[in-house]
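Here the sequence shown is numbered in our numbering, starting from 113 and rising by one per residue.
Think of the CB as a built atom: it goes at the ideal place given N, C-alpha and C, for glycine as much as any other residue.
Source: prediction; values computed, not measured.
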Amino acid sequence: MVLVQDTFTSHFETQLVLDTAELIRALGFIPFVAPYLANGKSLHGTGYLDRFRSVASRNSRMLRVLSETGVPLVGLDPAVTLTYRSEYTRALGVRKAPKVQMLQEWLAGADVDVASGKPSASYSLLLHCTEKTNAPASGNAWRQVFERFGLSLRLPDVGCCGMSGAYGHEKRHRETSERIYDLSWRAHTADEQPGETLLATGYSCRSQVKRFEGKRLLHPAQALLREIKGRSMTSIERPGA
113 MVLVQDTFTS
123 HFETQLVLDT
133 AELIRALGFI
143 PFVAPYLANG
153 KSLHGTGYLD
163 RFRSVASRNS
173 RMLRVLSETG
183 VPLVGLDPAV
193 TLTYRSEYTR
203 ALGVRKAPKV
213 QMLQEWLAGA
223 DVDVASGKPS
233 ASYSLLLHCT
243 EKTNAPASGN
253 AWRQVFERFG
263 LSLRLPDVGC
273 CGMSGAYGHE
283 KRHRETSERI
293 YDLSWRAHTA
303 DEQPGETLLA
313 TGYSCRSQVK
323 RFEGKRLLHP
333 AQALLREIKG
343 RSMTSIERPG
353 A
């Protein structure tokens with residue numbers, strides 16, 4: 113599989129990219145990483161549509177060349193990955209828009225060999241609002257993947273975290289951004305259930321939680337990698353287990 117980079121995780125959460133690649137290797141696949149090219153989502157969100165089309169056209173050409181190898185393209189951040197299905201399709205047409213899967217979609221369809229072992233924790237996953245609205249089955253795909261690992265995954269009903277792309281980063285929107293966060297997110301992030309690990313799929317959502325709660329939430333890929341590592345260590349400590 114080919115990991116399609118995005119601005120946010122590659123520049124601000126590099127460890128997540130590395131952890132995802134390590135997870136893919138641990139599952140028996142060889143991860144390739146596509147050369148970084150700007151996706152253009154921020155240009156689209158701020159109304160620079162001509163510049164967006166130019167960026168999207170260049171990015172699509174590169175990704176279509178990679179897809180011709182037959183190796184699936186997989187994105188990490190849901191909001192950016194879904195751009196290829198929505199904004200790119202509208203700007204370039206269906207034929208020119210590259211086909212990029214979200215990570216959980218690829219994992220759910222992949223033939224993976226998961227080592228057995230006792231789960232280290234139960235998990236609760238907060239989905240990005242774009243992911244919930246544009247790909248309604250995305251949460252169930254994550255649940256399917258976690259079940260394959262023998263893990264329980266709860267999907268709390270949350271709305272927008274309030275970051276909304278660059279909106280929440282702008283000083284004039286900070287107060288409104290926090291009010292939106294308070295509507296559904298704070299109840300889950302401020303009062304985690306005992307024995308449950310809270311996860312979030314979106315970079316913007318994790319940034320929002322860090323800003324208002326001072327907490328660093330893991331991406332679900334990092335939780336799965338942690339499970340694999342924990343089970344491997346148990347096997348080493350208990351030969352023949």
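For Tyr235: DSSP bridge partner residues: Leu265 and Thr309
When Ser172, Gln117, Ser122 and Lys244 are compared against Tyr200, the one with the closest alpha-carbon: Ser172
With 16 other Cβ atoms within 10 Å as the buried cut-off, status of His123: exposed
Backbone secondary structure at Val212 - three-state DSSP: strand
Per-residue DSSP class, three states only, for Val145: strand
Nearest neighbour of Val206, chosen from Met214, Leu215, Tyr196 and Gln213 [CA to CA]: Tyr196
Ser157 - DSSP class collapsed to helix/strand/coil: Note that residue 157 is Gly in the sequence shown, not Ser. Here Gly157 sits in helix by DSSP.
Proximity below 8 Å, CB of Leu128 to CB of Gln320: no
Proximity of Ala233 and Gly157 at Cβ, strictly below 8 Å: no
Reference Gln216; option with closest CA among Tyr315, Glu243 and Pro147: Glu243
Distance CB(Leu239)-CB(Thr309) smaller than 8 Å: no
Distance CB(Val224)-CB(Gly277) smaller than 8 Å: no
Inter-stretch contact (C-beta, 8 Å, three-pair minimum) for the stretch 321-331 and the stretch 247-267: no
Glu349 versus Arg343: straight-line alpha-carbon distance, rounded: Low local confidence applies: a pLDDT of 45 at Glu349 is under 50, so the model's placement there is unreliable, with the coordinate-based value given in what follows. Taking the straight line from one Cα to the other gives about 10 Å.
Pick from Leu149, Leu194 and Ala138 that is closest to Gln117, judged by C-alpha positions: Leu149
Met113 versus Pro210 - alpha carbon distance: 15 Å
Backbone secondary structure at Leu188 - three-state DSSP: coil
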